[in-house]
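Residues in the sequence shown are numbered from 847 upward in steps of one, following our numbering.
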Amino acid sequence: MTPFRSTFLIAVLLLAACAGRVEPSPSVSPPLVSVGDSWSYNGIGADGRPLSLEVEVLKVRPGEIVLRRNRIEATYSEPWIMTRTRTTEGWMSFSPGVPTVPFPLIPGTTLRHRTETIDDRGNKGSIETILIASRWEEIEVPAGRFRAVRVDREEEVTFAGAPARRSQAGTFWYSPQARVYIRMHEVIDPARKTFRTLELRSYALRQP
847 MTPFRSTFLI AVLLLAACAG RVEPSPSVSP PLVSVGDSWS YNGIGADGRP
897 LSLEVEVLKV RPGEIVLRRN RIEATYSEPW IMTRTRTTEG WMSFSPGVPT
947 VPFPLIPGTT LRHRTETIDD RGNKGSIETI LIASRWEEIE VPAGRFRAVR
997 VDREEEVTFA GAPARRSQAG TFWYSPQARV YIRMHEVIDP ARKTFRTLEL
1047 RSYALRQP
């Protein structure tokens, strides 16, 4: 084979390979959410025991999305900014809402956010959050293999009615295909080195 034909063939093969590979978008926008969308997770709790989480969209209307996470409801102003959630002692509200995913999700960017909290009894607190979108990664979980953006989170939380502050951290992988985090690894207690990990087992979306 002549050098010219060899070079031409290599170029054709490279073009074919590029045509078959879909590069991830440089920016990820908030997803479309519909009533009935659901996600199921399995994992390991901070105590080392098996853990499961069932998430379902109960309501969608302008400015309000209601999710049920196991038996606990949470309200979002849009995907995925939490404005209200039920706790073991009642409801807690967040102003402004807490961004759980830093949309638009752009690898290499950092979001710093402060939220004031108040519970049913009027106790106030705050959450200071740093969300770092680092890079795209290939992640395999029970639900399949996904292209996902890694997000590292750090939080300083002052609980309503309590003077103590607590540091929290975690690493999460967001998939535009699944429209949620497909893997969540949270540091529950840094001092005791306890962790909680959840991975997406299955999901169902009403609209593609």
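Virtual Cβ for every residue (Gly too), placed ideally from N, Cα, C.
Look at residue i and residue j and say whether their C-beta atoms are less than 7 Å apart.
i     : j     : result
N916  : E900  : yes
P942  : V995  : no
M928  : T963  : no
E1002 : A1015 : no
S972  : T946  : no
V944  : I911  : no
Give the single residue among the options whose Cα lies nearest to the Cα of residue i.
i     : options                     : result
S898  : W885, P908 and K905         : W885
E924  : I978, P877 and P988         : P877
A989  : S880, G1016 and A1024       : A1024
L1051 : R1029, P1022 and L1044      : P1022
P872  : E935, S972 and W982         : W982
R932  : L957, R914, I973 and P1054  : R914
S980  : S1013, R991, T955 and T1004 : T955
Measure how close the beta-carbons of residue i and residue j come, nearest whole angstrom, since I'm counting them as under 8 Å.
i    : j    : result
R907 : A920 : So it is not a contact: roughly 15 Å between Cβ atoms.
Hey, how far is the Cα of residue i from the Cα of residue j?
i     : j     : result
F1041 : V881  : 31 Å
Y1020 : T961  : 22 Å
I978  : V1033 : 16 Å
R1029 : V987  : 7 Å
T1043 : R967  : 32 Å
E984  : T1017 : 15 Å
T934  : P948  : 27 Å
D883  : V903  : 5 Å
S1048 : S1013 : 31 Å
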